[in-house]
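Residue 250 in my numbering is what sits at position 36 of the sequence shown, and the numbering runs on without skipping anything.
Reading through the structure tokens given below for one structure.
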Amino acid sequence: MKKILLALFVMCSVLSFSEKVIKTTDIEVKGDITYEAGQNVPYTGVIENYDENGKLYARGEFKNGILNGSSKLFFPN
């Protein structure tokens with residue numbers, strides 16, 4: 215019984231703390247607010263931008279459609 219409860223707790227924790235990640239090609243900007251394409255609710259989650267080679271170039275966290283904190287830029291070595 216303890217193992218089942220522990221497994222349920224771990225599974226719920228993993229699912230509740232995961233964040234949604236989308237690409238910049240899947241967003242719409244209306245005014246100053248960012249939305250996921252086709253949605254009417256401001257986007258909350260991570261947006262990633264990739265260069266022409268498919269490598270991660272930028273990553274930013276959004277909350278209620280506004281950049282929350284700083285974004286990160288990635289450069290080739």
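Idealized CB from N, CA, C, for every residue including glycine.
Since we're looking at a predicted model, the values are computed, not measured.
I'd like to confirm the pairing. Which residues does DSSP put opposite residue i in its beta bridges?
i: VAL255; result: Answer is none; VAL255 lacks a bridge partner.
i: GLU168; result: Examination of residue 168 is not possible in this model, given that the chain is present from 215 through 291 alone.
i: ASN263; result: ALA272
i: LEU287; result: ALA272
Which residues bound the beta strand (DSSP E) around residue i?
i: GLY300; result: No answer is possible for residue 300: the residues shown for the chain start at 215 and end at 291.
i: THR248; result: 247-250
Using CA coordinates, which residue listed in the options is at the minimum distance from residue i?
i: LEU270; options: SER285, ILE280 and LYS216; result: SER285
i: LYS234; options: LYS216, ILE280 and TYR257; result: TYR257
i: THR238; options: ASN291, GLY259 and VAL255; result: GLY259
i: PRO290; options: TYR264, ASN278 and LEU222; result: TYR264
With burial defined as no fewer than 16 other Cβ atoms inside 10 Å of the residue's Cβ, what is the status of residue i: buried or exposed?
i: GLU196; result: Limits of the chain in this structure are 215 at one end and 291 at the other, which puts residue 196 out of reach.
i: PHE276; result: buried
i: GLU242; result: exposed
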